[in-house]
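*Asks:*
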Amino acid sequence: MRYKMPRWVPEGAKAVEGEGVVVYLYENRRGQPSAVCYGGKRTKPDYNYCYMTAEARDKRVAETLAAYAERAARKAAEKAARKAATAKGNPLKVGDLLSASWGYEQTNVDYYQVVKTTKRMVWLRKVAGETVEGSEGRDCCRLRPCKDQFTSEEVVKKLVQVRVEKDGSVSCSVKVRDWGVWATPCREGETNYCSWYY
């Protein structure tokens, strides 16, 4: 079993709890007002400071509690908005195109077409990408997807991740590779940068 380091709590400290945070108020060896703050389940403190006055410490503690309360409210609102967006159903439809751009020192672009959907899942098939005429450069070009021009028979089933952006709009993405490549919806004429440096 892995050793879990316990939180350091000063002797005789007064605990002030907030939304997902606890701050321990104490006096250090020199008699200065001090505070140690732990957020979430962390055992490493967010801060452990001493202050010139108790008022300065109380001000910092109030700011910390307000920031954590605001964060908790924002996360709850985002969760509710995401749940509402997910309840509306799958934002992707059969025939929609997705693009995934990935690579290191080169930019690979894969295109996919939705061939089947359920409430939370999509079935994808890879489609070809064609070079946009006149976009060729040194070891690079721009590509656009070719709808219904499938490059393989393989159909992959994936979960759709729905996000609600800061402006309230709903976007979605699909994880197409285990090591972290996400495909996002694209339009038929939309182009993507592609490069091959080797």
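Under this note's numbering, the very last position in the sequence shown is 288; numbers go up by exactly one each time. Where is the CB? At the ideal position from N, CA and C, for every residue including glycine.
Around the C-beta of GLY270, are 16 or more other C-beta atoms found within 10 angstroms, so that it is buried, or is it exposed?
*Replies:* The residue is exposed, with fewer than 16 neighbouring Cβ atoms inside 10 Å.
*Asks:* Nearest-angstrom Cα distance between VAL199 and LEU187?
*Replies:* Computed Cα separation, rounded: 13 Å.
*Asks:* Find the nearest neighbour of VAL205 within the set GLU220, ASP238, SER189 and VAL222, judged by alpha-carbon distance.
*Replies:* Ranking GLU220, ASP238, SER189 and VAL222 by Cα distance to VAL205 puts ASP238 first.
*Asks:* Nearest CA to the CA of PRO135: which residue from VAL99, MET211, LYS216 and ALA190?
*Replies:* Looking at the Cα atoms, VAL99 is the closest of the given residues.
*Asks:* Pick out whichever of THR154, ASP268 and CYS140 has its Cα sitting closest to the Cα of VAL106.
*Replies:* Comparing Cα-Cα distances from VAL106 to each of THR154, ASP268 and CYS140, the minimum goes to THR154.
*Asks:* Is DSSP giving ASP238 helix, strand or coil here?
*Replies:* ASP238 falls in the strand class under three-state DSSP.
*Asks:* How about ALA175 and VAL254: are their beta carbons less than 8 Å apart?
*Replies:* Result yes, Cβ atoms of ALA175 and VAL254 sit closer than 8 Å.
*Asks:* Spell out a yes or no on whether the region 277–288 and the region 226–242 are touching, meaning 3 or more CB-CB pairs, one atom from each, closer than 8 Å.
*Replies:* With the cut-off at 8 Å, the region 277–288 and the region 226–242 touch.
*Asks:* In terms of alpha-carbon separation, which member of ARG161, ARG97, MET95 and CYS140 lies closest to GLU109?
*Replies:* When only C-alpha atoms are compared, the closest one is ARG161.
*Asks:* Taking THR241 as the reference, give the member of GLN203, VAL222 and CYS140 with the closest Cα.
*Replies:* Of the candidates GLN203, VAL222 and CYS140, the one whose C-alpha sits nearest the C-alpha of THR241 is GLN203.
*Asks:* Mind checking who VAL271 pairs with in its DSSP beta bridge?
*Replies:* Looking at the DSSP assignment, VAL271 forms a beta bridge with ARG267.
*Asks:* Would you mind working out which of ASN282, VAL151, THR133 and VAL222 sits nearest VAL113, comparing C-alpha positions?
*Replies:* Taking only the C-alpha atoms, the option nearest VAL113 is VAL151.
*Asks:* Please go through the same chain and pick out, in chain order, the residues whose beta-carbon is closer than 8 Å to the beta-carbon of GLU244, but skip the five residues on each side of it.
*Replies:* If we look at GLU244 and ignore the five residues flanking it on each side, its Cβ neighbours are ARG215 and LYS216.
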